[in-house]
Every structure is written in structure tokens, then in C-alpha cells.
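Trainee: So the protein lines, in turn, are chains A and B. Each step along the first sequence adds one to the number in numbering that gives the first Met the number 0, with nothing skipped, and position 155 is 154. Each step along the second sequence adds one to the number in numbering that gives the first Met the number 0, with nothing skipped, and position 143 is 142.
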Amino acid sequence: MSRTVTARRSLVFWLQLAFTLAVCAFLIVPVGLSILAGLTANFFLGIDSGLTTQWLAKVWTDYRHTVYLSIRIALACLVCTLLLGVPAAYVLARRQNAFTRTLEELLVMPVAIPGLATALALIVMYGGWGDFRRSWLFILVGHVLFTLPFMVRSVLAVLTSIDLKTLEEGARSLGASFVQRFFGIVLPNCRGGILAGSLMVVTLSLGEFNMTLLLHTPLTQTLPVGLADTYASLRLEVGSAYTLVFFIIIVPLLVAMQWAASWSASTARRRRPPQQT
Amino acid sequence: MGRDDRLWLAVLLAPAAIVFIAFFLLPLARLFLIGGSGALGWGAYVAAFTEPRYFRSLVSTVLLSAGVTAVTLAISGVAGVFLQRNRFRGCALLTALLTLPLAFPGVVIGFMVIMLAGRQGLIPDITEALTGERLVFAYSMAGLFTGYVYFSIPRTILTVMAAAEKLDPRIEEAARSLGAGRWRVVRDVIVPGLKPAFLSAGAICFATAMGAFGTAFTLATRINVLPTVIYTEFTLQANVAMAGALSFVLGAITWAALALARTAAGSTVAAAG
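1) Give every residue of the same chain whose Cβ lies closer than 8 Å to the Cβ of A260(A), excluding the five residues on either side of it in the sequence, and list them in chain order.
2) Apply the 10 Å Cβ neighbour rule to L99(B) and answer buried if 16 or more other Cβ atoms are within range, or exposed otherwise.
3) Look at the alpha carbon of F48(B) and the alpha carbon of S239(A), and state the distance between them as a whole number of angstroms.
4) Can you list, in chain order, the residues of its chain whose CB lies under 7 Å from that of V107(A), leaving out five sequence neighbours each side?
5) Could you give the residue range of the alpha helix (DSSP H) that holds A231(A)?
6) Helix, strand or coil: which one does DSSP assign to T39(A)?
7) Tell me, to the nearest whole angstrom, how far the beta carbon of I156(B) is from that of L97(B); I am working on the premise that it is less than 8 Å.
8) In whole angstroms, what is the alpha-carbon distance linking F144(B) and V112(B)?
9) What residues in the segment 18 to 44 of chain B have a beta carbon less than 7 Å from any beta carbon of chain A?
10) Going by C-alpha distance, which of L198(A), S204(A), S9(A), T159(A) is nearest P104(B)?
11) Can you give me the start and stop residues for the alpha helix (DSSP H) that E168(A) sits inside?
12) Considering just the uninterrupted stretch of the alpha helix (DSSP H) at D47(A), what are its terminal residues?
13) With three or more beta-carbon pairs closer than 8 Å as the criterion, would you say the segment 166 to 182 of chain B touches the segment 163 to 175 of chain A?
14) Could you name the residues of the segment 209 to 233 of chain B whose beta carbon sits closer than 8 Å to any beta carbon of chain A, in the order they occur along the chain?
15) If we call anything under 8 Å between Cβ atoms a contact, is L91(A) one with L144(A)?
16) Ends of the alpha helix (DSSP H) at L129(B)?
17) Along the segment 5 to 35 of chain A, what residues have a CB closer than 8 Å to any CB found in chain B?
18) How far does the alpha helix (DSSP H) with Q179(A) in it extend, from its first residue to its last?
19) In chain A, which residues lie with their C-beta within 7 Å of the C-beta of S246(B)?
20) Compare the C-beta of Y53(B) with all C-beta atoms of chain A and state if any pair is closer than 8 Å.
21) Enumerate in chain order the residues of its own chain whose CB-to-CB distance from A46(B) is below 8 Å, with the five nearest sequence positions on each side excluded.
22) So for H64(A), helix, strand or coil by DSSP?
23) Could you give the distance in angstroms between the alpha-carbon of F12(A) and the alpha-carbon of G79(B)?
24) Between H64(A) and V78(A), what straight-line distance do the alpha-carbon atoms span, to the nearest angstrom?
25) Report yes if the C-beta distance between T51(A) and A40(A) is below 8 Å; otherwise report no.
26) Relative to the C-alpha of R118(B), which residue among P51(B), E132(B), V106(B) is closest?
27) The alpha helix (DSSP H) spanning I203(B) covers which residue range?
28) Can you pull the chain B neighbours of F42(A), defined as C-beta to C-beta under 9 Å?
Rendered as C-alpha cells:
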């Protein structure tokens with residue numbers, strides 16, 4: 000950074016700061032209100048009606064199973080995307096030709112086309128397989144399709160930024176086999192990408208609604224589907240308390256994601272050879 | 000690279016390819032055929048443009064998404080460049096807060112709009128105090144617009160900030176020393192420099208708004224956008240063929256928007272580099 004901070008700020012600076020703060024308020028105030036509503040005895044009467052955990056307790060008794068199911072699906076989804084996505088990203092990084100570029104393009108399609116379409120396609124193809132349709136694995140399939148591109152891209156970004164070829168040639172000339180190279184060189188080098196991708200996959204899976212609404216059955220209700228249910232039919236305080244439960248799960252993941260991003264940026268800076276300034 | 004490597008690479012790619020073909024490409028092909036097998040036959044794909052009910056929702060979805068994209072780019076452009084260019088106390092916290100809703104699902108965004116502009120919301124309280132009338136707009140197109148801008152801001156700001164970091168401040172200084180005013184610099188240096196980022200972020204924003212469903216589902220399923228029409232066709236009318244055809248039309252539009260922006264951004268990047 001070559002710029003020096005001037006002590007005297009211009010009027011434009013303050014206008015921009017005010018604008019940015021207003022945008023921030025637009026995003027954060029509803030979150031705060033919702034948390035408050037979830038802890039207030041009667042939101043219509045306001046905070047004077049007293050703070051309570053009764054709504055949280057009610058949500059936990061009635062909707063606990065959705066929390067467990069969502070976490071189970073998110074973790075299973077993570078395992079699947081790791082097993083499918085990391086090797087695929089490595090192949091895409093090693094072979095860059097028309098075929099792999101098309102493949103990369105295709106893999107991103109489940110993100111580009113609306114989740115409703117993907118869910119409908121899965122239902123018309125496999126909806127007749129009763130046991131599969133009724134199990135949580137049906138939802139898992141949709142989540143894996145939707146999150147796989149994020150894992151692949153995250154790992155691919157790291158693999159294309161390092162000199163993989165030289166590293167592998169070196170190991171190869173020392174007699175390392177393919178398996179040794181993959182586990183000894185490739186995986187350790189892309190752990191930053193794997194971490195970022197994993198956080199993304201878990202976060203997205205926990206919040207997926209567009210597909211899950213069509214894929215779920217009354218017995219396989221996930222957290223976002225349960226949220227929509229309470230928003231539609233129960234009082235504001237219950238919906239808010241349920242949202243609070245969701246925030247408690249998702250916000251640490253989001254913070255970890257920001258931390259991972261800055262961590263990988265700083266390690267990338269450290270790895271780069273010193274430049275003349 | 001040796002011959003044995005090629006075999007290993009095929010083995011590593013196979014699982015992802017098999018899952019993708021079995022659970023995505025084949026089902027999608029099946030849905031495409033079913034889309035043409037309903038009461039209207041292949042005409043179902045045309046009905047999205049000729050049947051007034053579908054066409055109206057298609058037009059309002061496209062207009063809504065385009066409006067959301069324009070507003071989001073303007074907001075994120077100003078805030079993103081500001082956060083990247085200025086260092087002050089609390090800057091990192093402000094950035095973190097602005098990107099916090101990044102992964103909130105559509106249903107939660109819908110609920111945030113209800114907290115802001117719903118029957119017991121903050122904005123109606125404020126307008127009641129000011130004018131004596133409660134302005135409740137959460138359960139309409141305006142509420143949906145607010146929700147889509149809400150969830151598009153975090154991801155767009157991140158893209159703009161990353162692009163603004165790569166802008167060379169020396170070009171702006173050169174323009175300024177040549178006598179360009181503040182607005183000239185913004186118009187002729189900063190906006191063109193951020194064009195690739197605006198294109199790609201705008202395309203993602205447009206595509207997400209086109210296909211988003213959770214927010215509309217929370218606010219009111221009566222809001223007439225294409226995803227809610229597809230959902231109604233499928234669940235209430237049990238018209239799988241029409242739902243399939245409409246989701247293909249929707250998917251084609253979003254995919255085309257993304258592809259178009261990528262080629263446009265790609266050529267600009269190539270021309271710049």
C-alpha cells in the first residue's frame with residue numbers, strides 16, 4: 000500500500016461513509032430485530048413485556064429433528080463433495096484442454112439453473128423409487144449436485160495458482176508413485192482450497208431451500224423447510240426464535256469462512272517471492 | 000506425463016462424472032421429454048411466451064431481476080470501492096458485517112423483509128410516527144425487490160472489492176493531474192476498470208434473482224414470478240409437463256445471461272491484458 004492516510008477527510012469521504020453505514024444498517028438491523036423478537040415475550044407490546052427463552056424452548060421441542068437432519072445432511076454432503084470434488088479438481092488442473100473445460104462448464108450447471116428445475120428433474124427420474132424418495136438420501140443427492148461446483152472451483156483455484164507440474168516432476172524423478180504424489184504433494188498443497196470449499200459446502204447445504212422444498216417429505220424436514228413452515232403458520236416470536244437457532248449454527252461458519260479467506264490470502268502473500276518496490 | 004498417469008486421472012474423474020450423469024444430465028433429459036408430453040405437446044415450451052398468464056410472470060420476473068441487478072450494482076459499487084480505498088478504524092468490522100448475510104437462505108431473507116416492512120415491522124412503525132400511516136410493503140413485489148437486493152449486496156460487494164484492489168491508483172492520479180474532475184475520474188477510469196467485475200457480479204445477481212424461490216415463498220406465494228408459477232403448476236395443478244417446460248425456459252434464460260456475461264467479461268479482460 001503506497002497511499003498515506005491523510006488526517007483531513009473530504010466531504011465525499013463522509014458522504015460515502017454515511018452511505019456505507021446505511022447499507023450496513025439495512026442488512027444488520029433486521030437480524031438484530033429478529034434476534035430480539037425471538038427473546039421477547041410479546042414483540043407487539045415490545046421489550047417491556049419481558050425477555051424469555053420460552054420460544055426457544057418451544058422451537059427446540061418441536062423442531063429439534065430438523066436441526067439434526069440438516070446437520071447430518073450437511074456433513075454427509077461434505078464427505079461426498081470431498082471424495083468426488085477434490086480428485087476431479089486435480090484432474091481438471093492437470094489436463095487443461097477442450098474436454099476438461101467443457102466438463103468444468105457442465106459441473107457448474109446445477110448452480111446456474113434454478114434449484115426448482117433440478118429438483119423436478121430428480122423427481123421425474125427417481126421419484127418412483129419409493130424407499131429412495133422417502134429417505135434423506137434423496138435430499139442429499141440434490142445438495143451434492145448444488146455444492147460440488149463450489150468445492151471443485153475452490154480447490155481448482157489453489158491448484159492452478161501453484162506450480163504443480165514442477166513439484167510433481169521433482170517427486171517423480173525421486174521415484175514417487177502416483178499415489179504417493181497425490182497424497183504427499185497434491186493434497187497438502189491444496190489444503191487451503193479444501194478448507195474454504197468445505198466451509199462453503201456445509202454453509203450452503205445447511206441453508207438450501209429451493210431444491211429441498213420439493214425433495215423433502217413430511218418425515219425428512221430440514222431446518223430451512225421447517226423455518227418456512229413456522230413463518231407461514233406460527234406467531235412472529237416462534238419464527239424469530241427458530242431463526243435465532245439457525246443463526247447460532249450458521250454465523251460461526253460464516254465467520255470461519257471470512258477467517259479462512261484472509262488466512263489463505265496471507266499465506267499466498269508469504270509464498271510469493273519478494274518483489275522490488 | 001506417463002501412460003499410467005492417464006489411467007489414474009481417469010479413475011479420479013470417474014466418480015464425479017458418474018454421479019453427475021446419473022443424477023443431473025439424465026434426469027434433466029427426462030424432464031425435457033416430459034415437458035413436451037403434456038396436454039400441449041411440445042407447444043408447452045412456446046406457451047411460456049404465448050400464454051398471457053405465463054408470459055406476464057416471465058416478463059415481471061425478468062424486469063424484477065434486471066431492476067435488482069441495477070440497484071445492487073450501484074449500491075455495491077459505491078460501498079465496495081469506498082471500503083477498498085479507505086483505511087479507517089472499524090473498516091474490517093464494517094466489511095465483515097456487510098458480507099455476513101452471504102449465505103442466508105431465501106426463506107430467512109424473506110423473514111428479514113418481514114421484520115423490516117411486515118405487519119409488525121420497523122418501517123411501518125417509523126412511517127406511523129412520521130405520517131400517521133403504516134406503510135406495509137413486505138408482501139408485494141416491492142418486498143420481493145427489497146429481499147433480492149438484500150441477498151445480492153454481500154456477494155456483489157466482495158466481487159467489487161476484489162476488483163477495486165487490482166485497479167491501479169496511478170491511473171486515477173494521472174487523470175486527476177491532467178485536470179479531470181471527480182466525476183470524470185469515476186466515469187472514465189473507475190467504472191471502466193471495474194466493468195469485468197460488474198458484468199460477472201451482475202450476471203450472477205440476475206441469475207440468482209431469476210431462480211430464487213425461498214423469499215417469494217416466505218412473503219406470499221401469490222407474488223407472480225416464474226419460480227412460484229412453476230411451484231404452483233407442480234404442486235397444486237399437478238401439471239408436471241408444464242412445470243418442466245417452464246423450468247427449462249427459466250433455466251435457459253439464466254444460463255444464457257451467465258454465458259453472455261462471461262464472454263463479454265472474458266473479451267474485456269483479454270483486451271485489457
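Think of the CB as a built atom: it goes at the ideal place given N, C-alpha and C, for glycine as much as any other residue. As the structure is a prediction and not an experimental result, all values here were calculated from the model.
Mentor: According to the data block:
1) Here residue 260(A) is taken as the residue at index 261 of the first sequence, counted from 1. Hits under 8 Å: A195.
2) Indexing the second sequence from 1 puts residue 99(B) at position 100. Per the 10 Å Cβ criterion, buried.
3) Against the second sequence, residue 48(B) aligns to sequence position 49. Against the first sequence, residue 239(A) aligns to sequence position 240. One C-alpha to the other measures close to 40 Å.
4) In the first sequence, the residue the question calls residue 107(A) occupies position 108. Within the same chain, V107(A) has close Cβ partners P148.
5) For the purposes of this step, residue 231(A) is taken as residue 232 along the first sequence, with counting starting at 1. First-last of the alpha helix (DSSP H) with A231(A): 222 to 232.
6) Counted from its first residue, the first sequence places residue 39(A) at position 40. If DSSP states are grouped into helix, strand and coil, T39(A) belongs with the strands.
7) Here residue 156(B) corresponds to residue number 157 of the second sequence, with the count starting at 1. Here residue 97(B) corresponds to residue number 98 of the second sequence, with the count starting at 1. Confirmed, Cβ separation roughly 6 Å.
8) Position 145 of the second sequence holds residue 144(B). Position 113 of the second sequence holds residue 112(B). Straight-line Cα distance between these residues: approximately 10 Å.
9) V18, F19, F22, F23, L25, P26, L27, R29, L30, I33
10) Position 105 of the second sequence, counted from the first residue, corresponds to residue 104(B). Nearest option by C-alpha distance: S204(A).
11) Translated into the one-based positions of the first sequence, residue 168(A) becomes position 169. Here the alpha helix (DSSP H) through E168(A) covers 163 to 172.
12) Here the question's residue 47(A) lines up with position 48 in the first sequence. Run containing D47(A): none; DSSP gives neither H nor E here.
13) no
14) M209, G210, A211, F212, G213, F216, T217, P226, I229, Y230, F233
15) Taking the first residue of the first sequence as 1, we reach residue 91(A) at position 92. Taking the first residue of the first sequence as 1, we reach residue 144(A) at position 145. The answer is no: Cβ separation not under 8 Å.
16) As a working note, residue 129(B) is residue 130 in the second sequence. Run containing L129(B): 121 to 130, per the alpha helix (DSSP H) assignment.
17) V11, F12, Q15, L16, F18, T19, L20, V22, C23, F25, L26, I27, V28, P29, V30, L32, S33
18) The sequence position of residue 179(A) within the first sequence is 180, counting from 1. Its alpha helix (DSSP H) spans residues 177 to 180.
19) Looking up residue 246(B) in the second sequence gives position 247. Result: P113, L115, A116, L119.
20) As a first step, residue 53(B) is located in the second sequence; it is residue number 54 there, counting from the start. For Y53(B), the answer is no, since every Cβ of chain A falls outside 8 Å of its Cβ.
21) What you label residue 46(B) is simply residue 47 of the second sequence in a count that begins at 1. Result list for A46(B): L39, Y53, M241, A244, in chain order.
22) What you label residue 64(A) is simply residue 65 of the first sequence in a count that begins at 1. In this structure, H64(A) counts as helix in the three-state DSSP scheme.
23) For this step, residue 12(A) is matched to residue 13 along the first sequence. For this step, residue 79(B) is matched to residue 80 along the second sequence. Their backbone Cα atoms lie some 13 Å apart in a straight line.
24) Taking the first residue of the first sequence as position 1, residue 64(A) is located at position 65. Taking the first residue of the first sequence as position 1, residue 78(A) is located at position 79. Cα to Cα, H64(A) sits roughly 21 Å from V78(A).
25) For the purposes of this step, residue 51(A) is taken as residue 52 along the first sequence, with counting starting at 1. For the purposes of this step, residue 40(A) is taken as residue 41 along the first sequence, with counting starting at 1. Yes, the Cβ-Cβ distance between T51(A) and A40(A) is below 8 Å.
26) The sequence position of residue 118(B) within the second sequence is 119, counting from 1. Among P51(B), E132(B), V106(B), the Cα nearest to that of R118(B) is on E132(B).
27) Start at 1 with the first residue of the second sequence, and residue 203(B) comes out as number 204. Unbroken alpha helix (DSSP H) run through I203(B): 190 to 210.
28) Sequence index remark: in the first sequence, residue 42(A) carries index 43 (1-based). Correct list: Q119.
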